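Numbering (the numbering used here), first residue to last: 1 to 83. Heads up, the thing below is written out as structure tokens.
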């Protein structure tokens, strides 16, 4: 909600003038712009791979074990076929 208010730059009727002045001073400060830039950097697209979000949920340790075993078996098969 405050992001939209800050972007539009218009004071809503429910925010008093003194509070609006304090908000504008805070939004214009160097610390705020630095923090805002850091936030944008964290949410940015890294090397075209999309934002770094965990979207697959939790994975049980048994599933991790199964995946590791499959990868290891594939590695052994590939390794011994080459040598």
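From the three backbone atoms N, C-alpha and C, an ideal C-beta is built for every residue, glycine too. Keep in mind that this is a model prediction, so the values were computed, not measured.
C-beta atoms of residue i and residue j nearer than 9 Å
i         : j          : result
residue 6 : residue 23 : yes
CA nearest to the CA of residue i, picked from the options
i         : options           : result
residue 4 : 27, 77, 35 and 73 : 27
Which complete alpha helix (DSSP H) runs does the segment 13-64 hold, if anything under 4 residues is left out? The qualifying runs are 17-27 and 30-42.
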